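See structure below.
Below is the structure:
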């Protein structure tokens, strides 16, 4: 079974631009969560989707948004990029509501110049 | 109240030794405590997890000890190997009160180095 797939693997953007990251969960998994990982702040929860509905949202500004499609694939978008948005963005999938085990992808490394 | 505090930040052990990483939490609603292992360039991988109704869980060389009254839990790696060198994260989540297990609160991580 293929793992969680995130694309692109690396991304370089400039301040003020917007970016869209993609995540394909493990086949059969219906829940997708997104995390931001930085050396200073560690791993921080962004949001979680289940059946195309946002279930939880972390403490990030409205520039960070996401969505989930009917096939469980998810995208996250960051508008008006800031230097501080440079991070590894990780997607994790799980089977569904009430399922504890999260399986992470390798992430998208975003650099904002 | 959502914090999970992890120590030490870094740890160096000799091959064959025992690695111990500790975590403490504040939110008593947490009811799932996983440990993740992360290698450079990879995402975190689930190593072992525990629920608060047991005090210890062992899987191979990895053991979680859980102290509910102290709100602390720890990871023990027995017979540590150079291949165990990685960053380890403790985490906690809750399925109660409108939250979900998809929302993990992570500790700051421990960089483990095992010397041959």
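Chains as they are written, first to last, in the working numbering: chain A, 45 to 157; chain B, 144 to 259.
Glycine included, each C-beta is placed from N, C-alpha and C at the ideal position.
Bear in mind the structure is a predicted one, so any value in this text is a computation, not a measurement.
At a cut of 8 angstroms, does the segment 139-150 of chain A reach the segment 218-233 of chain B through at least three beta carbon pairs? no
Selection from 212/B, 177/B, 214/B, 222/B that minimises the alpha carbon distance to residue 200/B: Nearest of 212/B, 177/B, 214/B, 222/B to residue 200/B, Cα basis: 177/B.
If we cut at 9 angstroms on Cβ distances, does residue 177/B have a partner in chain A? yes
Neighbour-count burial assignment, residue 154/A, 16 or more Cβ in a 10 Å radius: buried
Extent of the continuous beta strand (DSSP E) run through residue 74/A: Premise fails: residue 74/A is in no beta strand (DSSP E) and is neither H nor E.
Any heavy atom of the ligand ATP within a distance shorter than 8 angstroms of the CB on residue 162/B? Summarising the ligand content, the structure contains no ligands, and the ligand ATP is consequently not present.
For residue 232/B, return the contacting residues in chain A, with the cut-off set at a CB-CB distance below 7 angstroms. 87
Quick one: what does DSSP say residue 110/A is sitting in, helix, strand or coil? strand
For residue 191/B, which residues in the same chain have their Cβ closer than 6 angstroms to its Cβ, ignoring the five residues on either side in sequence? Within its own chain, the residues whose Cβ lies closer than 6 angstroms to the Cβ of residue 191/B, once the five positions on either side in sequence are excluded, are 178, 202, 205, 207, listed in chain order.
For a quick check, are the C-beta atoms of residue 246/B and residue 115/A less than 9 angstroms apart? no
Nearest candidate by alpha-carbon position, reference residue 216/B, set 158/B, 161/B, 155/B, 169/B: Closest option to residue 216/B, judged by alpha-carbon separation, among 158/B, 161/B, 155/B, 169/B: 169/B.
Closer than 7 angstroms at the beta carbon, the chain B residues around residue 143/A: 244
When Cβ atoms are compared, which residues of the segment 96-109 of chain A fall closer than 7 angstroms to chain B? Cβ contacts with chain B: 99, 100.
Check whether the Cβ of residue 149/A lies closer than 9 angstroms to any Cβ atom in chain B. yes
Can you check whether the C-beta of residue 118/A is within less than 9 angstroms of a C-beta belonging to chain B? no
Would DSSP call residue 127/A helix, strand or coil? Of the three classes helix, strand and coil, the one that applies to residue 127/A here is helix, per DSSP.
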